[in-house]
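The listed protein sequences correspond, in order, to chains V and X. FYI, our numbering numbers position 56 of the first sequence as 56, with every residue one higher than the one before it. With positions in the second sequence counted from 1, the corresponding number in our numbering is that position plus 1000.
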Amino acid sequence: MYLVKVFVRHKKGILDPQGKTIKDALHAMKYKGVGEVKIGKLIDLKIEAKSIEDARSQVNDMCKKLLANPVVEQYTFEIEEI
Amino acid sequence: MKAAVIVFPGSNCDWDCYHTAKTSLKAKAEFVWHEEENLNSYDVVIVPGGFSYGDYLRSGAIARFSPVMNSLVEYVKKDKGLVIGICNGFQILTEAGLLPGALQKNKYLKFLCKNVKIRVENARTPFTNKCKPGQVLEIPIAHFDGNYTADKETIEKLNRNKQVVFRYCSKSGSVSPASNPNGSIENIAGICNEARNVLGMMPHPERVADPILGGEDGEYIFSSMLNSLKK
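Here you go:
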């Protein structure tokens, strides 16, 4: 069994209105040093697989098909055996 | 003439579309549950608005994998009839790859529910042949994720192929950032595919296709579809 953490983020250059709003709020709270803020998603999933390579290839497929939209998002993930 | 209104868990404009299919498309309308796998008997398929699967993950992301979507892809490929996706329906069509691009959160993070003006950019599609080029229609929007986004090449291709069907505009028909409610690139409100048999739009024509609803501009779209299917 493997534990996978998938991170989905906006692609570079894609407008992230939530990130911008949070940045503005932090500035209003006097955290003047805050630069760009980006919002993403963290998806934890557990998966049975023959090997870590097999798990990695399955997760890659899932990301491409469902977990991220390649038009506006990019993804990375970490895997550990549990 | 038969029209299918696809129903996903969480669709909520399905009844409006059903009504419009009967009154404006003069069709025998049927609800089609998302688990159906055959759409071949229909002349029109309407993918209605709402919050399919609660908009979980991304709007339209999960609905795109419903069994009916494979048949819809086949339906389009074999050019069996016309497909119109409205609001969440548009989002589902982009997720399914039937239309390019994606719909992101509105620029100012507000759910927008109001009448907007849209300009007919291409009046030579099966969805707009009853409109005049440049005609301004007043149609309501009701969405949180209506901010149309695509990469530069896709936008260029859409423009080159005249696939941008509607843009948000002012009362007089001018297209500018001031008339852009949600941050969509180049004020895009609706696009069609290259084959011209799929239209996706964020505004809701089915909500203004009957005088009792306070507007009839949506009627242009459905009567255009009827017109092109009669030929």
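Ideal placement from N, C-alpha and C gives every residue a C-beta, glycine not left out. Here the structure is a predicted model, which means the values were calculated and not measured.
(request) Establish whether the CB of A1150 of chain X and some CB of chain V are separated by less than 8 Å. (result) One-based indexing of the second sequence puts residue 1150 of chain X at position 150. Chain V contact via Cβ: present.
(request) For A1189 of chain X, return the contacting residues in chain V, with the cut-off set at a CB-CB distance below 9 Å. (result) Here residue 1189 of chain X corresponds to residue number 189 of the second sequence, with the count starting at 1. Ordered by position in chain V, no residue passes the 9 Å Cβ test against A1189 of chain X, which lies about 17 Å from the chain.
(request) Determine the direct distance from the alpha carbon of N1070 of chain X to that of I82 of chain V, and round the result to whole angstroms. (result) Taking the first sequence and counting its residues from 1, the one referred to as residue 82 of chain V is at position 82. Taking the second sequence and counting its residues from 1, the one referred to as residue 1070 of chain X is at position 70. Going by the C-alpha atoms only, they are around 36 Å apart.
(message) Less than 8 Å between the C-beta atoms of E1095 of chain X and G1215 of chain X, yes or no?
(response) Locating residue 1095 of chain X in the second sequence gives position 95, where the first residue counts as 1. Locating residue 1215 of chain X in the second sequence gives position 215, where the first residue counts as 1. Contact: no.
(message) So if I threshold CB-CB distances at 8 Å, which residues from the stretch 12-24 of chain V count as touching chain X?
(response) I14, L15, P17, Q18 and T21
(message) Beta carbons nearer than 8 Å to chain V: which residues of the stretch 1030-1058 of chain X have them?
(response) L1057 and R1058
(message) Under 8 Å, Cβ to Cβ, is there at least one residue of chain X near N69 of chain V?
(response) Walking along the first sequence from the start, residue 69 of chain V turns up at place 69. Interface residue, yes.
(request) Give the straight-line distance between the Cα atoms of R1119 of chain X and I47 of chain V, rounded to the nearest whole angstrom. (result) Locating residue 1119 of chain X in the second sequence gives position 119, counting from the first residue. Locating residue 47 of chain V in the first sequence gives position 47, counting from the first residue. Looking at the two C-alpha atoms, the distance is approximately 49 Å.
(message) Let me confirm a value: L1082 of chain X is counted as buried when at least 16 other C-beta atoms fall within 10 Å, else exposed. Which label applies?
(response) On the second sequence, residue 1082 of chain X is found 82 positions in, with the first residue counted as 1. Its Cβ being crowded by 16 or more others within 10 Å, L1082 of chain X is buried.
(request) Mind reading off the beta-carbon distance from V1007 of chain X to V1032 of chain X? Whole number of angstroms is fine, and I expect it under 8 Å. (result) Here residue 1007 of chain X corresponds to residue number 7 of the second sequence, with the count starting at 1. Here residue 1032 of chain X corresponds to residue number 32 of the second sequence, with the count starting at 1. Indeed, because the Cβ distance is near 7 Å, the residues count as touching under 8 Å.
(request) In angstroms with no decimal places, state the Cα-to-Cα distance between I1046 of chain X and H27 of chain V. (result) Position 46 of the second sequence, counted from the first residue, corresponds to residue 1046 of chain X. Position 27 of the first sequence, counted from the first residue, corresponds to residue 27 of chain V. Looking at the two C-alpha atoms, the distance is approximately 45 Å.
(request) Return no unless some Cβ of chain X is closer than 8 Å to the Cβ of L66 of chain V. (result) Residue 66 of chain V sits at position 66 when you count from the first residue of the first sequence. Taking Cβ atoms only, chain X reaches closer than 8 Å to L66 of chain V, which makes this a yes.
(message) Looking at chain V, is there any beta carbon in it that lies within less than 8 Å of the beta carbon of E1095 of chain X?
(response) Here residue 1095 of chain X refers to the residue found at position 95 of the second sequence. Taking Cβ atoms only, chain V reaches closer than 8 Å to E1095 of chain X, which makes this a yes.
(request) Following the continuous alpha helix (DSSP H) through Y1168 of chain X, name the residue where it begins and the one where it ends. (result) Here residue 1168 of chain X corresponds to residue number 168 of the second sequence, with the count starting at 1. Careful: Y1168 of chain X lies outside any alpha helix (DSSP H), inside the beta strand (DSSP E) at V1164 to C1169.
(message) Just to confirm my understanding: we take V72 of chain V, look at its own chain, exclude 5 residues before and 5 after, and list those with CB closer than 8 Å. What are they?
(response) Position 72 of the first sequence, counted from the first residue, corresponds to residue 72 of chain V. H10, K11 and I14, listed in sequence order.
(request) May I have the straight-line CA-CA distance separating A1123 of chain X from S1041 of chain X, to the nearest angstrom? (result) As a position in the second sequence, residue 1123 of chain X is number 123, starting the count at 1. As a position in the second sequence, residue 1041 of chain X is number 41, starting the count at 1. Whole-angstrom Cα-Cα distance: 28 Å.
(message) Counting only C-beta atoms, is V37 of chain V closer than 8 Å to chain X at any point?
(response) Mapped onto the first sequence, residue 37 of chain V falls at position 37. No, no contact with chain X.
(request) Please determine, among V:M1, V:Y2, V:V6 and V:G19, the residue with the shortest C-alpha to C-alpha distance to N1106 of chain X. (result) Reading the second sequence from its first residue, position 106 is the one you call residue 1106 of chain X. The residue with the shortest Cα to Cα distance from N1106 of chain X is V:G19.
(request) Counting only the same chain and skipping the five closest in sequence on each side, list residues whose C-beta sits under 6 Å from that of Q74 of chain V. (result) Locating residue 74 of chain V in the first sequence gives position 74, where the first residue counts as 1. Closer than 6 Å at Cβ, skipping near neighbours: R9 and K11.
(request) Please report the residue range of the alpha helix (DSSP H) in which Q58 of chain V lies. (result) Residue 58 of chain V sits at position 58 when you count from the first residue of the first sequence. Where Q58 of chain V is concerned, the enclosing alpha helix (DSSP H) stretches over I52 to M62.
(request) Count the other C-beta atoms from every protein chain shown that fall within 10 angstroms of the C-beta of Y1056 of chain X, then say buried if there are 16 or more, exposed otherwise. (result) The count along the second sequence starts at 1 and reaches residue 1056 of chain X at position 56. Classification for Y1056 of chain X: exposed.
(message) Let me check understanding here. Comparing Cα to Cα, which of X:G1190, X:T1125 and X:H1143 lies closest to C1013 of chain X?
(response) If you number the second sequence from 1, residue 1013 of chain X lands on position 13. With distances taken between Cα atoms, C1013 of chain X lies closest to X:H1143.
(request) Go ahead and label E1219 of chain X buried or exposed: buried means 16 or more other beta carbons lie within 10 angstroms of its beta carbon, across all protein chains shown. (result) On the second sequence, residue 1219 of chain X is found 219 positions in, with the first residue counted as 1. By the 10 Å Cβ count, E1219 of chain X comes out buried.
(message) Just to confirm the assignment, what range does the beta strand (DSSP E) spanning D1014 of chain X have?
(response) Position 14 of the second sequence holds residue 1014 of chain X. Careful: D1014 of chain X lies outside any beta strand (DSSP E), inside the alpha helix (DSSP H) at D1014 to T1023.
(request) Given a cut-off of 8 Å, decide if R1167 of chain X and N1187 of chain X are closer than it, judged by their beta-carbon atoms. (result) The residue labelled residue 1187 of chain X in the question sits at position 187 within the second sequence. The residue labelled residue 1167 of chain X in the question sits at position 167 within the second sequence. Yes, Cβ-Cβ distance for N1187 of chain X and R1167 of chain X is below 8 Å.
(message) So V4 of chain V contacts chain X; which residues on that side make the cut at Cβ distance below 9 Å?
(response) Indexing the first sequence from 1 puts residue 4 of chain V at position 4. Going along chain X, no residue has its Cβ under 9 Å from V4 of chain V, so there is no contact; the nearest lies around 16 Å.
(request) Kindly indicate which three-state DSSP category E73 of chain V falls into: helix, strand or coil? (result) Indexing the first sequence from 1 puts residue 73 of chain V at position 73. The answer is strand: DSSP assigns E73 of chain V an E or B state.
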